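2 protein chains.
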Amino acid sequence: MARQPTGEPPSTPRARPATSIDVARLAGVSRATVSHVLNGQIERFSEDTVERVRGAAAELGYVRSAAGRALVMGRSDFIIVVVPYATFIRLQDVIEVISADIEELGFTMVVHFDVARGRGTASNRLQHMVETMRPAGVVDLGGLSLADREAITESGCPVLPRRLPSAVNRWIGTLQVRHLHSRGHTEIAYAFLADARDDPYGRGRASAVAAFCEAEGLAPPSRVHVPIEPEGARRVLRELVQARGWPVGIACYNDKVALALVFAAKGLGLAVPADVAVVGVEGADIGQVVSPRLTTVASDVADSVRPFRAALASAYGGRSAADDAAPPLDDAFFLLLGETT
Amino acid sequence: MARQPTGEPPSTPRARPATSIDVARLAGVSRATVSHVLNGQIERFSEDTVERVRGAAAELGYVRSAAGRALVMGRSDFIIVVVPYATFIRLQDVIEVISADIEELGFTMVVHFDVARGRGTASNRLQHMVETMRPAGVVDLGGLSLADREAITESGCPVLPRRLPSAVNRWIGTLQVRHLHSRGHTEIAYAFLADARDDPYGRGRASAVAAFCEAEGLAPPSRVHVPIEPEGARRVLRELVQARGWPVGIACYNDKVALALVFAAKGLGLAVPADVAVVGVEGADIGQVVSPRLTTVASDVADSVRPFRAALASAYGGRSAADDAAPPLDDAFFLLLGETT
DNA sequence: TTGTATGCGTTATCAA
DNA sequence: TTGATAACGCATACAA
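Chains as they are written, first to last, in UniProt numbering: chain A, 1 to 341; chain B, 1 to 341.
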């Protein structure tokens, strides 16, 4: 359990940061005036007053305290972005874009990693965070369960986007299996990453693959868990081929899994793509630089982030909610043809 | 510039979260007693009182408001972990470990991505965050410049670890070039990732490589920037070989760069490792699953995180500062022998 | 052992 | 157009 913060923090040189009362004194006005001016309600004040206040604030390096502000507002200006416990190669790009939007709206982005730490509910850490810091919102990158989302909403904090983002993963899985099917494959498998303990993305994609198979009258896809090391990957592939024969088409959780299987196939003397066809996800540059070049579901970062941007804008920026309703999944993710199917 | 938060947030169902005064009322004590008990100063209260207070708090689902607390304490219970603008494959693992430590100490971890957004100082976003949320500390994963650190410290927030973590990158670069040299290479190059705009890690490693070359009387290393796509990588390698002849030994920023060069060499008809030897960094599983297996500087996450854990413990947990003083770099990073040198 | 009073920095309401 | 003043929720020195 969390203890109270204890021990002495390292020495803290500077004395006391400037407060609004300091600014008020220097500008020769009241604290209320300072607050008003700095919050942009300048129409009601004389040109001169506004200038003096701004000058004083700048001179003192005054910054509004998040604490004081949050206390009186009932909620803070933070927006928590929740990163799921899943492999997330383009994370830094995605964060960069969302961060820019959040700051554009005047909020401060804070990132929370939803590490599934073994036992217990995955995200009571997040729940606690929401309750203590009372953020203006939570942005769900896709790892939150319905229960998680409800708990957070229940404690008075909106979760964005409104819809469960799991549709994205269903779409990705569908793209993969549809492509394999179009290449004539009838024996289908889904390959999870072995070490991911409770991967929310993988589950969604695998079930989409299963749904497609059922709809097309194919046998249910095998589910295998691929470790990213040579022998392990070979073992998994060998077992799969024994069970399903070949050719077999494998939709992989990501490009890493796909590459592991490609090289495992070589090790087993199986031909790619003739005997074993694999399709990854990510369009990671790494998959395109090796040979054979990987067939994969690629995504445009800007496009795939659009639903989040739209949700933010419609929730806080006053834009219409229409953007949120119809995110163009088809543009965001597309099949990148390589040499492994 | 950042605007004021504006627009209506989505509906917020629940009314008002419980405050300490609610708890006090339910327990039949004063607010002060609640505060004392919940802060662990229970020695001075009767068994019965403590029980009642805790029971009431639990019943109401009371959580101390970060805002109120921060306001009166002068600083919040947040600790900001700063992720540098650099490729960071094991990020999620590293975060997980540090997060556990931070929470163990009773603080709340918040992650900040130091995106170098083009123009201007890289991290005035961070500076602003420090000033508004007044965190208990900032954990620097290695991307902060001396000036950044000073600015933060100046505004009253300790930065950990105390020492610049750049020693880690120097050590990594040294491991790489020392290995190449031990293989007989005298023509050395350092390969940056092309797209990284201002990579703090890469700079440190490259300068370590240069220093080694100078110390050993070798020609200064060439510096090349490798894009992760086939033609680009081939072009860079071709130019390098024209300039330095072969065999040439290349210390790469990471495994991705190394792989790009390995396959580029194949495309140019150069032999690996005879003509072109590459050594990566990360020990990324992906490098070990392809063929040829990559030679690389691998790291043990637990070991490489140790300096940060120690710094946290010594700053806030009261443990001795000795741990911080001598982080065992030699254990944390080691050369993983593959087939590319 | 417990309660009272005060202040932290900000915003909002209302009076001037 | 501007300025008092009252919350907001919490922690703590001090009084009881």
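Think of the CB as a built atom: it goes at the ideal place given N, C-alpha and C, for glycine as much as any other residue.
Note that this is a predicted model, so its numbers are computed, not measured.
Would residue i and residue j be called neighbours here (beta carbons separated by less than 8 Å)?
i                      : j                      : result
residue 191 of chain B : residue 257 of chain B : yes
residue 281 of chain A : residue 296 of chain A : yes
residue 307 of chain A : residue 338 of chain A : no
residue 222 of chain A : residue 203 of chain A : no
residue 135 of chain A : residue 212 of chain A : no
residue 279 of chain B : residue 251 of chain B : yes
residue 193 of chain B : residue 87 of chain B  : yes
residue 290 of chain A : residue 289 of chain B : no
residue 74 of chain B  : residue 315 of chain B : no
residue 53 of chain B  : residue 81 of chain B  : no
residue 317 of chain B : residue 298 of chain B : no
residue 208 of chain B : residue 173 of chain B : yes
Alpha carbon to alpha carbon, what distance is there between residue j and residue i?
i                      : j                      : result
residue 44 of chain A  : residue 26 of chain A  : 20 Å
residue 107 of chain A : residue 49 of chain B  : 41 Å
residue 30 of chain B  : residue 36 of chain B  : 10 Å
residue 331 of chain A : residue 162 of chain B : 47 Å
residue 120 of chain B : residue 71 of chain A  : Because the pLDDT at residue 120 of chain B is just 46, under 50, the model does not fix this residue reliably, and the value given afterwards should be weighed accordingly. Roughly 32 Å between the two C-alpha positions.
residue 263 of chain B : residue 302 of chain B : 32 Å
residue 309 of chain A : residue 99 of chain A  : 10 Å
residue 159 of chain B : residue 142 of chain B : 11 Å
residue 354 of chain B : residue 150 of chain B : The structure shown has nothing for residue 354 of chain B, since chain B only spans 1 to 341.
residue 335 of chain A : residue 178 of chain A : 10 Å
residue 56 of chain B  : residue 23 of chain B  : 6 Å
residue 39 of chain A  : residue 133 of chain B : 18 Å
residue 103 of chain B : residue 229 of chain A : 33 Å
residue 231 of chain A : residue 287 of chain B : 14 Å
Exposed or buried, residue i, counting other C-beta atoms within 10 Å across all chains shown (16 or more means buried)?
i                      : result
residue 255 of chain A : buried
residue 148 of chain A : buried
residue 47 of chain B  : exposed
residue 21 of chain B  : exposed
residue 124 of chain A : exposed
residue 242 of chain A : exposed
residue 269 of chain A : exposed
residue 345 of chain B : This structure cannot settle anything about residue 345 of chain B, because the visible part of chain B is limited to 1 through 341.
residue 109 of chain B : buried
residue 144 of chain A : buried
residue 41 of chain A  : exposed
residue 146 of chain B : exposed
residue 300 of chain A : exposed
residue 101 of chain A : buried
residue 217 of chain B : exposed
residue 313 of chain B : buried
residue 249 of chain B : buried
residue 118 of chain B : Bear in mind that the predicted position of residue 118 of chain B carries a pLDDT of just 47, short of 50, making it too unreliable to give a figure here.
residue 16 of chain A  : exposed
residue 140 of chain A : buried
Using the three-state DSSP reduction, which class does residue i fall into: helix, strand or coil?
i                      : result
residue 128 of chain A : helix
residue 75 of chain B  : coil
residue 173 of chain B : helix
residue 218 of chain B : coil
residue 299 of chain A : strand
residue 212 of chain A : helix
residue 112 of chain A : strand
residue 282 of chain A : strand
residue 188 of chain B : strand
residue 82 of chain A  : strand
residue 308 of chain A : helix
residue 251 of chain A : strand
residue 18 of chain B  : coil
residue 245 of chain A : coil
residue 202 of chain B : helix
residue 271 of chain A : coil
residue 35 of chain B  : helix
>> Beta carbons nearer than 8 Å to chain B: which residues of the region 125-154 of chain A have them?
In response: Using a CB distance below 8 Å, the part of the region 125-154 of chain A facing chain B consists of 125, 128, 129, 131, 132, 133, 134, 136, 137, 153 and 154, ordered along the chain.
>> Using a Cβ-Cβ cutoff of 9 Å, what residues of the region 269-298 of chain B are near chain A? List them in chain order.
In response: Residues of the region 269-298 of chain B whose Cβ lies closer than 9 Å to any Cβ of chain A, in chain order: 284, 285, 286, 288, 289, 290, 291 and 293.
> If you measure beta-carbon to beta-carbon, which residues of the region 178-209 of chain A are closer than 7 Å to chain B?
Replying inline: For the region 178-209 of chain A, the set of residues with a beta-carbon nearer than 7 Å to any beta-carbon of chain B is empty.
> For the region 225-237 of chain A, which residues have a CB atom closer than 7 Å to at least one CB atom of chain B, in sequence order?
Replying inline: Residues passing the 7 Å Cβ filter: 228, 229, 230 and 233.
> If contact means a Cβ-Cβ distance below 8 Å, which residues of the region 237-255 of chain A contact chain B?
Replying inline: From the region 237-255 of chain A, no residue has a Cβ closer than 8 Å to chain B.
>> Against chain B, which members of the region 70-85 of chain A pass a CB distance test of less than 7 Å?
In response: Along the region 70-85 of chain A, the positions whose C-beta sits under 7 Å from a C-beta of chain B are 70, 71, 76 and 77, read in chain order.
> Which residues, in order along the region 300-314 of chain B, keep a beta-carbon less than 7 Å from a beta-carbon of chain A?
Replying inline: Contacts with chain A (Cβ-Cβ distance below 7 Å) from the region 300-314 of chain B involve no residue at all.
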